[in-house]
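**Student:** Here the protein sequences line up with chains Y and H, keeping their order. Numbering follows this note's numbering, with no gaps: position 139 of the first sequence is 139. Counting the second sequence from 1 gives a position; this note's numbering is that position plus 347. For glycine and all other residues, C-beta sits at the position ideal for the given N, C-alpha and C. All values derive from a computational prediction rather than experimental measurement. Pasting in a structure now, in structure tokens, and then I'll have a few things to ask.
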Amino acid sequence: MTNATAVPTRDDAPALLIEDLVVGFGADGARRALNSVSLRIEPGEVVALVGESGCGKSLTGLSVMGLLPPEAHTLGGRITVAGADIVGTSERRLRQHRGEKMAMVFQDALIALNPLQSVGRQIDETLRIHRRRMNRAARRERVLEILRLIGVPDPESRMTALPHELSGGLRQRVMIAMALVADPALIVADEPTTALDVTIQAQILEAFADATRALGTAVLFITHDMGVVAEIADRVIVMYGGRVVETGDVDSIFARPAHPYTQALLRSVPRPDTPVGTELHVTPGSVPSPGEAPAGCPFHPRCPVSDARCLTMPAMTSRGGSNTVACWNPVDGGTPPETAADETETR
Amino acid sequence: MSATTPTDVADGEPILIARNLVKRYRVRTTRGNKELTAVNDVSMSITRGSTYGIVGESGCGKSTTAKLLLHLEKPTSGSVEFEGVEISSLTPKAMRRMRQDIQVVFQDPFASLNPRMTIGALITEPLRVHRRGGPDMAAEADRLLELVGLPTSMRDRYPRQLSGGQRQRVAIARAIALRPKLIICDEPVSALDVSVQAQIINLLTRLQGELGLTYVFISHDLSLVRHLTDRVAVMYLGDVVEEGPTADVFADPRHPYTQVLLSAAPIPVPHSQRPDRIRPEGEIPSPLSRPTGCPFHPRCPIAQDICRDVVPELREARDGHVAACHFADTADVRAQAVARG
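Written out as structure tokens, the structure reads:
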């Protein structure tokens, strides 16, 4: 692992860079859950990480935060957040980075928040740790400012509330405020609106997008919902079976998905223009559990266009712009890759 | 699903009619006992062979309505009529017979299947309970497995060995084992991955055609409701606020809540290619503190003074399409939002 000698400033380093990340479960990490995952997020960019359960999207998010569960082992690869290395960094240093360089928003605020502490105090804690020179009055001003920015009505009185005294929508706003208060370069948001009702989800998505845009925060937005992706993302990264299978800007991913899996994801939900009552597109089989993805392209047993080559993992190939796909038979008939992915076994 | 309605069924004959269903619960709070109105005056008529959708957000009363239709809960007032007979008047014996005709599929196939029973035992259990099993239960299990698209080799497995989609197929096999007439599906695919959801939706559609089933499909997923149902009721805080043929309700929603709900739902179309959504205001009130007048008025972008004071009745806004709004004929939340800037 090479440590960058000069720490780049927030403006020239990517907000997030992941290179060939390999994560496995079990004693020797034999059950591969992430396989040479690479991705890049520029400062201020909102990138959706999509896929179904067990595809590795949450594990990728936890890797970025340095919060992998003890049974998961990083076997190789490199992660930097705004120039700071994450993999192999001491827990003490990681604790400094969390809140300061990167912060996380979880699905369930009721579990993530301390039930016995006022929400104002919990937001303030990040500042007490990372902004030691701020006095109490300045911190209070900052907490109120961030609560206003995320659209909490009457923030002065809400600051003293305990989490259970707030509605689900307000709790989620508080958790977002907590993540944003120390102005990190990157927010990792793991299904932050999945548990909310449709009308509340719309409000929170809008508030979240407005606030991160105002602060120039980059976002890794983890979701399984292509509707939410369409709503919030500039760019999309699709994962399946512990691998990145396609990346692209949001318009071309929806208009011209190149990977058969991306296409299946989009086709299996009825769109407003899907004729009523028609059979929905079906992908046979089910999603492999983490560590049980088949060799080669992980989608090949379920893929309608797979052939013998698919037993080898294809390399990521450019489709123009920032769009890439890892498929021997991309759907749009684009150029298939000439090489197989470099399977360096980093055990 | 209406395309597959069997032709030997008279068009428009109701199989289930709910009249003015009300369900109130007594709730103990720190400020003494309170009454919670979960379902407030719900009426619906469900046509044989059709799919009837109930859609709404949490606390709207859709699952309580399902329990009332199944007679798992007794209504505070109102009645449910199944094939012309009022359910509450049934003798215990007749009730047992009726229970075979109405089945239910729940959201969570992990919680609704006994983990200690084999798949074969699980799907033939309803037959044993109602003493309808023939001599060859194994053959019956195989027949049901085939109907729901599972290999017969699954018969001796246990639920934990199955994927979520396979478990939901088992739950459906249990529901059809007694050859019911009506199945209430309460969020049947919400817990499944999207690529698996489509398999289950297509299975439900196929079974409806093959077995002449009537469905009540309860969901918060508007795109599925639009895709699957013939008629739909939109619920809010225990009330049906709009009801009508699904195509009409989605094409020309007459209640401001329906308009907001349709606009707020995330759809897989990039934001550059869809109109701006109408931002709903405020939060869903607790059913313990129902607003006066129209239950939606505190959040409604076009509310007037009358909405605070007078409860709007369901009335016909278009042919066969009712809405409970004082301004149902003209309500247009989007135009209002544009006018306001």
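1. Report the rounded CA-to-CA distance for alanine 84 of chain Y versus proline 163 of chain Y, giving the unit in angstroms.
2. Find the nearest neighbour of glycine 88 of chain Y within the set Y:Gly285, Y:Glu156, Y:Arg98 and Y:Gly77, judged by alpha-carbon distance.
3. Compare the beta carbon distance of glutamate 368 of chain H and serine 390 of chain H with 9 Å and say whether it is the shorter of the two.
4. Tell me isoleucine 18 of chain Y's beta-bridge partners as DSSP assigns them.
5. Looking only at DSSP bridge pairs, what is alanine 48 of chain Y linked to?
6. Compare the beta carbon distance of valine 269 of chain Y and serine 566 of chain H with 9 Å and say whether it is the shorter of the two.
7. Tell me whether the region 419 to 426 of chain H and the region 581 to 598 of chain H touch, counting them as touching only if at least three CB pairs, one residue from each stretch, are closer than 8 Å.
8. Is it the case that the Cβ atoms of leucine 149 of chain Y and leucine 180 of chain Y are separated by a distance below 9 Å?
9. In this structure, does DSSP put asparagine 549 of chain H in helix, strand or coil?
10. Could you work out which residues of chain H lie near valine 282 of chain Y, taking near to mean beta carbons separated by less than 7 Å?
11. Using a Cβ cut-off of 9 Å, which residues of the region 100 to 121 of chain Y contact any Cβ in chain H, in chain order?
12. Just to confirm my understanding: we take serine 349 of chain H, look at its own chain, exclude 5 residues before and 5 after, and list those with CB closer than 7 Å. What are they?
13. Which stretch, first to last residue, makes up the beta strand (DSSP E) that contains serine 566 of chain H?
14. For leucine 68 of chain Y, which residues from the same chain have a beta carbon less than 6 Å from its beta carbon, with the 5 sequence-adjacent residues on both sides left out?
15. Jot down the residue ranges of each uninterrupted beta strand (DSSP E) in the region 163 to 224 of chain Y, minimum 3 residues, whole runs only, in chain order.
16. For lysine 381 of chain H, which of helix, strand or coil comes out of DSSP?
17. Taking only beta-carbon positions, decide if proline 645 of chain H is within less than 9 Å of chain Y.
18. Could you work out which residue in Y:Ala326, Y:Val331 and Y:Pro184 is closest to isoleucine 340 of chain Y when comparing CA atoms only?
19. If I measure Cβ to Cβ from arginine 29 of chain Y and keep anything under 6 Å in the same chain, skipping five residues before and after, which residues do I get?
20. At the level of alpha carbons, what is the spacing between arginine 681 of chain H and glutamine 96 of chain Y?
21. Can you list, in chain order, the residues of its chain with a C-beta nearer than 7 Å to that of glycine 667 of chain H? Leave out the 5 residues immediately preceding and following it.
22. Give me the DSSP bridge partner(s) of alanine 84 of chain Y.
23. Using DSSP with H/G/I as helix, E/B as strand and the rest coil, what is arginine 375 of chain H?
24. Spatial neighbours of asparagine 387 of chain H within its chain, please: CB distance less than 7 Å, with the 5 preceding and 5 following residues excluded, ordered by chain position.
25. Asparagine 35 of chain Y and glycine 241 of chain Y: beta carbons closer than 9 Å?
26. Between leucine 571 of chain H and chain Y, is any beta-carbon pair separated by less than 9 Å?
27. If you measure beta-carbon to beta-carbon, which residues of the region 248 to 263 of chain Y are closer than 7 Å to chain H?
28. Could you tell me whether any Cβ in chain Y is nearer than 9 Å to the Cβ of histidine 567 of chain H?
29. Start and end of the alpha helix (DSSP H) containing tyrosine 261 of chain Y?
30. Quick check: the Cα distance between phenylalanine 483 of chain H and leucine 525 of chain H, rounded to an integer number of angstroms?
31. Can you pull the chain Y residues whose beta carbon is under 7 Å from the beta carbon of glutamate 630 of chain H, in chain order?
**Tutor:** Result, derived from the coordinates:
1. Across the structure, alanine 84 of chain Y and proline 163 of chain Y are spaced so that their CA atoms are roughly 33 Å apart.
2. Nearest C-alpha to glycine 88 of chain Y: Y:Gly77.
3. Sequence check: residue 368 of chain H is leucine here, not glutamate. Going by C-beta atoms, leucine 368 of chain H is nearer than 9 Å to serine 390 of chain H.
4. According to DSSP, isoleucine 18 of chain Y bridges with Y:Leu39 and Y:Ile79.
5. Per DSSP, Y:Phe221 and Y:Val236.
6. Not in contact: valine 269 of chain Y and serine 566 of chain H (Cβ atoms no closer than 9 Å).
7. In short, these stretches do not touch, since the Cβ pair count stays below three.
8. In this structure, leucine 149 of chain Y places its C-beta atom within 9 Å of the C-beta atom of leucine 180 of chain Y.
9. Correct three-state label for asparagine 549 of chain H: helix.
10. Within 7 Å Cβ-Cβ: Ala545, Gln546 and Asn549.
11. Listed in sequence order: no entries.
12. Unreliable positioning characterises serine 349 of chain H in this predicted model, as indicated by a pLDDT of 43, which lies under 50. The coordinate reading is nonetheless provided below. Exclusion of the five residues before and after serine 349 of chain H leaves Ser397 and Asp577 as the residues of its chain whose Cβ lies within less than 7 Å of its Cβ.
13. For serine 566 of chain H, the enclosing beta strand (DSSP E) starts and ends at 561 to 566.
14. The residues are Leu62.
15. Counting only runs of 3 or more residues that sit fully inside the region 163 to 224 of chain Y, the beta strand (DSSP E) segments are 186 to 190 and 218 to 223, in chain order.
16. Lysine 381 of chain H: strand per DSSP, three-state reduction.
17. Answer no: the Cβ-Cβ gap between proline 645 of chain H and chain Y never drops below 9 Å.
18. Before going further, note that residue 340 of chain Y is alanine rather than isoleucine in the sequence given. By alpha-carbon distance to alanine 340 of chain Y, the top candidate from Y:Ala326, Y:Val331 and Y:Pro184 is Y:Ala326.
19. As written in the sequence, residue 29 of chain Y is glycine, which differs from the arginine given in the question. Same-chain partners within the cutoff: His73 and Leu75.
20. Spanning the two alpha carbons is a distance of roughly 47 Å.
21. Only Gly591 and Pro592 meet the Cβ criterion.
22. Answer by DSSP bridge pairing, in chain order: Y:Val81.
23. For arginine 375 of chain H, the secondary structure class from DSSP, reduced to helix, strand or coil, is strand.
24. Closer than 7 Å at Cβ, skipping near neighbours: Val369, Gly585 and Asp586.
25. Yes, the pair counts as a contact, with Cβ atoms nearer than the cut-off.
26. Answer yes: the Cβ-Cβ gap between leucine 571 of chain H and chain Y drops below 9 Å somewhere.
27. Residues Val250, Asp251 and Phe254.
28. At a cut-off of 9 Å, the C-beta of histidine 567 of chain H has a neighbouring C-beta in chain Y.
29. Looking at the DSSP string, the run of the alpha helix (DSSP H) that includes tyrosine 261 of chain Y is 260 to 267.
30. Phenylalanine is not the amino acid found at residue 483 of chain H; the sequence shown has aspartate there. Using only the alpha carbons, I get a separation of about 15 Å.
31. Result: Ser167, Gly169 and Ile200.
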